[in-house]
Amino acid sequence: HFGFPRLEVKGAAVATTFSRIVACLYMLYHIKKGDKNIQIFLGERFRFDLGIIKRILNIGIPAALEQAVMRSGQMTFARIVSSFGTITYAAHQIALNIEGFSFTPGMAFQIAATTLVGQSLGAKDPDRAERVGWETARIGALTGILTFGIYFFFGKYLAFLYTDDPTVMDLAAGALKIIALIQPLMLANFILIGGLRGAGDTRYTLFITMAGFWGLRVVMAYLFAVKLGLGLFGAWIGMAMDMAGRCTLSYLRFKAGGWKHIRV
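Its first residue numbered 122, the sequence shown is counted upward by one per residue in the working numbering.
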């Protein structure tokens, strides 16, 4: 422990907090340092601009509510899974950690889509914004085919990195097989949602998240896992249905094109 006391879970929390403080200081340094294009002088007096604040809140409040809806849905979903005992919940957490690898390319492409769609709309080129969104979504879907293969065929080997308990490994591998089937749609949804956010369509992304998490994930997880007795696999079927549903809604919204005319 390099001379430090063994803090276990508390130690992980301390390390996480410390890393975020370092990251915050690093970003503040670069904001102050700036470059030839952007530089912010923190010593300058700030003046409130009610017009800008209103525009920020019009986008920010729905985005904040979307995160609240998502977190509360995740907590409720976790409560459903935890009702099946520690072994099932351990397998669930392992599968979630492994499935989180998909978020790395998903979030990367989402940031790219958000930036490029917003940039194109700012340049008054909505056709380019649409092309960027679709092309990035295709790249994400192709990446999802790769993660499908990894999770479906090698899920048990990945679970072995966390535990050698055969029951936990089998449960985690089964959950990964279910979510593997939806990987292309999940990654495409990440990107289309990012494109809609880049256009300022955060109210509709709030609706998509609410419909997916509470209309599908939580309800279907309870139905399949608890009422039909499918346990962890039933919960993950509900999660897969949520991802497919959100992808469908984001696809239809992006295809309709109304987001190209939103005033931010």
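Even glycine gets a Cβ: it sits at the ideal position worked out from N, Cα and C.
According to DSSP, is residue i helix, strand or coil?
i	result
VAL385	coil
SER223	helix
ARG168	coil
LYS153	helix
ALA365	helix
ALA296	helix
PRO126	coil
THR138	helix
LEU337	helix
ALA199	helix
ALA320	coil
ASP291	helix
GLY181	helix
THR235	helix
ASP248	helix
LEU217	helix
THR330	helix
PHE269	helix
PHE275	helix
Rounding to the nearest angstrom, what Cα-Cα distance links residue i and residue j in this structure?
i	j	result
PRO183	PHE169	22 Å
LYS154	ARG259	37 Å
LEU186	LEU306	24 Å
CYS145	LEU128	24 Å
ASN179	TYR325	12 Å
ARG338	SER140	32 Å
ARG176	ALA320	13 Å
PHE375	ILE142	37 Å
ALA361	LEU317	22 Å
ARG200	THR207	12 Å
LEU171	GLY243	21 Å
GLN188	GLY221	17 Å
PHE311	GLY181	18 Å
ILE173	ALA332	30 Å
LYS131	LEU282	23 Å
THR261	VAL202	Looking at the sequence shown, residue 261 is not Thr but Gly. Roughly 29 Å between the two C-alpha positions.
THR137	TYR147	15 Å
VAL135	SER223	26 Å
ILE219	ALA365	19 Å
ALA356	VAL340	10 Å
GLY239	PRO126	48 Å
Less than 8 Å separating the beta-carbons of residue i and residue j?
i	j	result
PHE205	ALA342	no
GLY276	ALA294	yes
GLY315	THR209	no
THR280	ILE358	The sequence as given places Ala at residue 280; Thr does not occur at that position. Not in contact: ALA280 and ILE358 (Cβ atoms no closer than 8 Å).
GLY120	LEU313	Nothing in the structure corresponds to residue 120, since the chain is present only between 122 and 385.
ALA133	LEU353	no
GLN304	THR257	no
GLY194	PHE334	yes
VAL100	THR330	As shown, the chain starts at 122 and ends at 385. That puts residue 100 outside it, with no answer to give.
TYR272	LEU297	yes
**Prompt:** Hey, is the stretch 374-382 in contact with the stretch 233-251, meaning 3+ C-beta pairs nearer than 8 Å?
**Reply:** Cβ pair count under 8 Å is three or more, so yes.
**Request:** Decide yes or no for the touch test of the stretch 228-244 against the stretch 366-379: beta carbon pairs closer than 8 Å, at least 3 of them.
**Result:** Result no; under three Cβ-Cβ pairs closer than 8 Å.
**Request:** Decide if the stretch 272-287 is in contact with the stretch 345-355; the criterion is three or more beta carbon pairs, one per stretch, under 8 Å apart.
**Result:** Output reads no: the stretch 345-355 does not touch the stretch 272-287.
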